[in-house]
Ligand SMILES: [Ca+2]
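Residue numbers (the numbering used here): -14 to 507.
1) In terms of DSSP beta bridges, what is residue 434 paired with?
2) Pick out whichever of 64, 21, 23, 44 has its Cα sitting closest to the Cα of residue 337.
3) Taking all protein chains shown into account, decide if residue 225 is buried (16 or more other Cβ within 10 angstroms of its Cβ) or exposed.
4) State yes or no: is the C-beta of residue 308 within less than 8 Å of the C-beta of residue 18?
5) Give me the Cα-Cα distance between residue 295 and residue 237, rounded to the nearest whole angstrom.
6) In chain order, what residues of the same chain lie with their CB nearer than 7 Å to the CB of residue 244, ignoring the 5 residues before and after it?
7) Can you tell me which residues fall inside 5 Å of ligand 3, judged by beta-carbon distance to its nearest heavy atom, and keep chain order?
8) Does the region 213 to 230 touch the region 282 to 299, meaning 3 or more C-beta pairs lie closer than 8 Å?
9) Leaving out five residues before and five after residue 339 in sequence, what residues of the same chain have Cβ atoms less than 7 Å from its Cβ?
10) Please give the ranges of any alpha helix (DSSP H) in the region 368 to 425, keeping only runs that are unbroken, at least 4 residues long and fully inside the region.
11) Quick check: what's the CA-CA separation for residue 290 versus residue 250?
12) Buried or exposed: where does residue 39 fall if 16 or more other Cβ atoms within 10 Å of its Cβ makes it buried?
13) Using a Cβ-Cβ cut-off of 7 Å (strictly less than) and excluding sequence neighbours within five positions of residue 312, which residues of its own chain qualify?
14) Starting from the C-beta of residue 148, find all residues in its chain whose C-beta is less than 7 Å away, skip the five residues before and the five after it, and write them out in chain order.
15) Shortest alpha-carbon distance to residue 267 belongs to which of 373, 424, 151, 132?
16) Distance, Cα to Cα, residue 57 vs residue 374?
17) How many angstroms separate the CA atom of residue 469 from the CA atom of residue 430?
18) In angstroms with no decimal places, state the Cα-to-Cα distance between residue 108 and residue 100.
19) Hey, how far is the Cα of residue 387 from the Cα of residue 129?
20) Under the rule that 16 or more other beta-carbon atoms within 10 Å means buried, what is residue 362, buried or exposed?
21) Which residues in the same chain have their Cβ closer than 7 Å to the Cβ of residue 383, if we skip the five residues on either side of it in sequence?
22) Reducing DSSP to helix, strand and coil, say where residue 235 ends up.
23) To the nearest angstrom, report how far apart residue 498 and residue 315 are at their CA atoms.
24) Among 228, 223, 227, 233, which one has its Cα closest to the Cα of residue 199?
25) Can you tell which of 194, 205, 329, 377 has the C-alpha that lies nearest to the C-alpha of residue 299?
26) On the CB-based measure, 16 or more other CB atoms within 10 Å of its CB, does residue 481 come out buried or exposed?
27) Quick check: the Cα distance between residue 352 and residue 442, rounded to an integer number of angstroms?
28) Out of 408, 450, 21, 463, state which residue places its alpha-carbon closest to the alpha-carbon of residue 488.
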């Protein structure tokens, strides 16, 4: 009887392992993979590994070579706190109720188990540093030890520090706090179109190139801290989950001069579509109020020479951030932990660098919601591959959990994309969903759906979602820049009807079916 039980247990384990879906959950905890979770602020997918050879991102490209690049990864709302709250809770903005920069997800979800918390509860040592949650909206339950960020200068040059100090109480930490918290909250909730405005031209310059070491600024200091933390973690008995948040290429584009020197400004190409999308509602894209908060940026359209400087700064900031990523990868390798560590890197949303005569994020257009996502898993089959499958940032929580052999909490609203790591071309989600609020017309929410071929956005009354204010439709096959809204073209009436029906099904209707998962899984 005892032997029979052992045989049954052995057979059960073999079937479980043969399914290839997850690590045996009975495996000793120390055998589980570590996770290096790198969050990058405002990083659009314009990198060497995304085929943009002119960008110097050799270290992120290393992750791509040992992992997979997601060409069509979508954030759920293109601004810091909503996208990060969504990703970290594994739920969508309408569940977190975080659509602005001042609301904490614990207000609506007091007991939700976050990604880090889930790993912690399953025996991991979970530590976070740098920008993971937005600004001061940390969540202590996520971490095994308190989250931390080293203090650093925002600008290296004194004249820039002075310019920047005008509107803020001492803000050398890069997390400037408005003088009045109350005023900030009122400002943010009354204008959900963007970040709390600190005033036109009130901040320091939008860019700086000073000849200073990497650790002058926050990302350099965070990388140094992460390197020493990796050393400590590699000596622990339990596996680690280290979350490292880098704040460049977020504005201001401040990077040491050596990274600016990697680019020839004369060769920097400006956006080819410096105009609004035709036949789109006026509120669909904002011109970029966040950028106008910086000193010397005009309220009107950005002239080409300034646009070129800004792009130069964005690229330099990418290369500076990328060098910090390299320090983490080098240390992981030096410690011999690379063989047992999942590395994931994500940019919290996309960005406009002059496309549609606009800057920054804060919309539902492809430039803003399509973001950077790479993952490298020890032993994965599809090394160095790209996938065009539609994935969403809410999928990251279940994916990492499954890769580590952890159970999936019932509250999750995404789908593990682990099967794509084995077969990047397999059938997958039929749509990805993003949203953005607007204050216009009594308060609107744009719910946007990206299918294989189309972007379809429906702007509805926030108080009554059945009231439609406007519809946008872009054919990504013929118009990947989204320059022409074709929703009102009578020739597309049937297509709009069909997409509207799919849109009404929402994310629940776009999931890869259980049948697909089982029959094509390898
Ligand atoms: Ca951001």
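All C-beta atoms, glycine included, are put in the ideal place defined by N, C-alpha and C.
Quick caveat: nothing in here was measured; it's all calculated off a predicted structure.
Walking through what the data contain:
1) The partner list for residue 434 (beta bridge, DSSP) reads 418, 441.
2) Nearest of 64, 21, 23, 44 to residue 337, Cα basis: 64.
3) Residue 225 should be labelled buried.
4) The answer is no: Cβ separation not under 8 Å.
5) Answer to the nearest angstrom: the Cα atoms are 9 Å apart.
6) The beta carbon of residue 244 is closer than 7 Å to those of 301, 304, 305 in its chain, skipping five residues each way along the sequence.
7) With respect to small molecules bound, the structure shown includes ligand 1 and not ligand 3.
8) No, because fewer than three Cβ pairs between the region 282 to 299 and the region 213 to 230 fall closer than 8 Å, the two stretches do not touch.
9) Taken in chain order, the residues that qualify are 255, 256, 259, 287, 292.
10) Within the region 368 to 425, the complete alpha helix (DSSP H) runs of at least 4 residues are 381 to 388, 403 to 407.
11) Between residue 290 and residue 250, the C-alpha separation is close to 10 Å.
12) Burial call: exposed.
13) 208, 212.
14) Correct list, in chain order: 189, 190, 280.
15) If we check each option's Cα against that of residue 267, 424 comes out closest.
16) The straight-line gap separating the alpha-carbon atoms of residue 57 and residue 374 is approximately 6 Å.
17) Their backbone Cα atoms lie some 21 Å apart in a straight line.
18) Each residue's CA atom was taken as its position, placing residue 108 and residue 100 some 13 Å apart.
19) Taking the straight line from one Cα to the other gives about 21 Å.
20) Residue 362 comes out buried.
21) Residues 75, 393, 397, 399, 400, 401 of the same chain have their beta carbon placed closer than 7 Å to that of residue 383, with the five preceding and five following residues left out of the count.
22) Three-state result, residue 235: coil.
23) Taking the straight line joining both Cα atoms gives about 40 Å.
24) Taking only the C-alpha atoms, the option nearest residue 199 is 233.
25) Selected option, being the one with the closest Cα: 194.
26) The residue is buried, with at least 16 neighbouring Cβ atoms inside 10 Å.
27) Our two residues, residue 352 and residue 442, have alpha carbons roughly 14 Å apart in a direct line.
28) For the residues 408, 450, 21, 463, the minimum Cα distance to residue 488 belongs to 450.
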